[in-house]
Every structure is written in structure tokens, then in C-alpha cells.
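Novice:
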Amino acid sequence: MNVQHVETQHYTQNEDTIDWFEIDGESWGLNKKNGEFRLIDCDGSPVDLPNHDDKVKIEAMLEKSEYFND
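Residues 21 to 90 (the working numbering) make up the sequence shown, in order.
(1) Quick one: is G64 buried, meaning 16 or more other Cβ sit within 10 Å of its Cβ, or exposed?
(2) Rounded to the nearest angstrom, what separates M21 and Q29 at their Cα positions?
(3) The alpha helix (DSSP H) that contains D39, what's its start and end?
(4) What's the call for D73, buried or exposed, on a 16-neighbour Cβ count within 10 Å?
(5) Helix or strand or just coil, what does DSSP make of L82?
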């Protein structure tokens, strides 16, 4: 799995932060909300019922994340 951190976006209105990644040619985001990490698709929508592959993506993004590892 090829994972590249693209950018971190901070939203001041709701104090959200989304780390954006390129994973095997597809864009995915990682958002921490209420103490839980949520996968965000390329359109900015949360993946509400992540499957096993989605959970693998979350783990890979957490390893590369600059914001959530501080």
C-alpha cells in the first residue's frame, strides 16, 4: 500500500482537522471526531460503516499522519 500525506486542513468553524492522503492513487481523508477516527472519502463525506479494507487504510494513515501523532 502506497500512502502519501498530501495536506492537513483545519476548519475553524467546527474545530475539525482532516489529514488528506493519496493511497494507491485515490484520495482519502482522516478526521478525528469525538475521540474516534473517521475515514473521509474523496468528496469529503464520512464513511459511516468502514469495512476491513477501510480500517486498514485508517491504520496506514495514522502511521503517516503529522497532526494526529503530535
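Backbone N, C-alpha and C fix where the C-beta goes; we use that ideal spot for every residue, glycine too.
Specialist: Quick answer:
(1) The residue you call residue 64 lines up with position 44 of the sequence shown. Under this definition G64 is an exposed residue.
(2) The residue labelled residue 21 in the question sits at position 1 within the sequence shown. The residue labelled residue 29 in the question sits at position 9 within the sequence shown. Whole-angstrom Cα-Cα distance: 23 Å.
(3) Along the sequence shown, one-based indexing puts residue 39 at 19. Not the alpha helix (DSSP H): D39 falls in the beta strand (DSSP E), residues D36 to I43.
(4) Position 53 of the sequence shown holds residue 73. Classification of D73: exposed, given that the 10 Å Cβ count is below 16.
(5) What you label residue 82 is simply residue 62 of the sequence shown in a count that begins at 1. It is helical.
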